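Quick note on this note's numbering: the sequence shown kicks off at 3 and runs consecutively.
Report on the structure given below.
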Amino acid sequence: MQVTNQFKASCHCGAIELKLTLPEGLVDPRRCDCSMCRRRGAIVASVPLSALEVVKGQEVLSLYQFNTHSAKHFSCSKCGIYTHHQRRSNPHLYAFNLACLEGDDPFQLHKLLQEGVALYDGVNHPADQMSNTMKVDLDE
């Protein structure tokens with residue numbers, strides 16, 4: 003039996019399909035409480051940019067950026083499902099929506115929820131703290 007580290011993820015309508023390479027399984031599963039993540043409620047995990055490939059639906063991906071315009075949030079323009087984003091805190095990584103993984107609960111999301119998923123403080127983002135520190139220094 004061949005063990006694979008390749009997984010498929012998709013939006014609700016199937017217009018977008020992602021191929022994910024996860025040799026270490028789920029890395030850093032978490033939720034964030036920034037204004038965007040708090041509203042969408044997704045649990046995400048991270049992969050290097052090279053480990054996520056849009057294999058179908060590039061033309062229907064919708065890009066949304068806000069605040070510093072550093073992070074790139076992608077969703078399906080047809081069904082509205084958030085699939086992934088290029089991270090603000092580490093632009094060399096994508097975070098992907100675990101609920102988009104196909105299969106019969108491939109990573110046992112219910113178990114993750116029972117055990118607790120890390121909550122990242124996106125309201126007090128480290129990059130904002132740097133900006134605030136720099137602003138204070140500039141004002142003095």
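Idealized CB from N, CA, C, for every residue including glycine.
On a predicted model such as this, the values are computed, not experimentally measured, just so you know.
A direct Cα-Cα distance of roughly 15 Å separates SER37 from TYR84. Judged by DSSP secondary structure, ARG42 falls outside any beta strand (DSSP E) and instead within the alpha helix (DSSP H) spanning 37-42. Around the beta carbon of GLY59, 16 or more other beta carbons lie within 10 angstroms, which makes this residue buried.
Relative to the Cα of ARG89, the nearest Cα in the group ILE18, CYS39, LEU28 and VAL56 belongs to CYS39. The three-state secondary structure of CYS78, taken from DSSP, is strand. The DSSP-derived three-state label of LEU63 is strand.
Residue nearest to LEU51 within the set ALA101, PRO93, GLN8 and ASN7 is PRO93 (criterion: CA-CA distance). With respect to HIS86, LEU54 sits close: the two C-beta atoms are nearer than 9 Å.
Residue environment for TYR96: buried (at least 16 other C-beta atoms within 10 angstroms of its C-beta). Put simply, the region 66-75 does not touch the region 11-31. Fewer than three CB pairs are less than 8 Å apart. Scanning its chain for C-beta atoms nearer than 8 Å, with the 5 sequence neighbours on each side dropped, one finds around ALA129 the residues THR70, SER72, ARG90 and SER91, in chain order.
Burial check for PHE98: the Cβ neighbour count within 10 Å reaches 16 or more, so the residue is buried.
In this structure, the beta-carbon distance from CYS102 to LEU24 does not fall below 9 Å.
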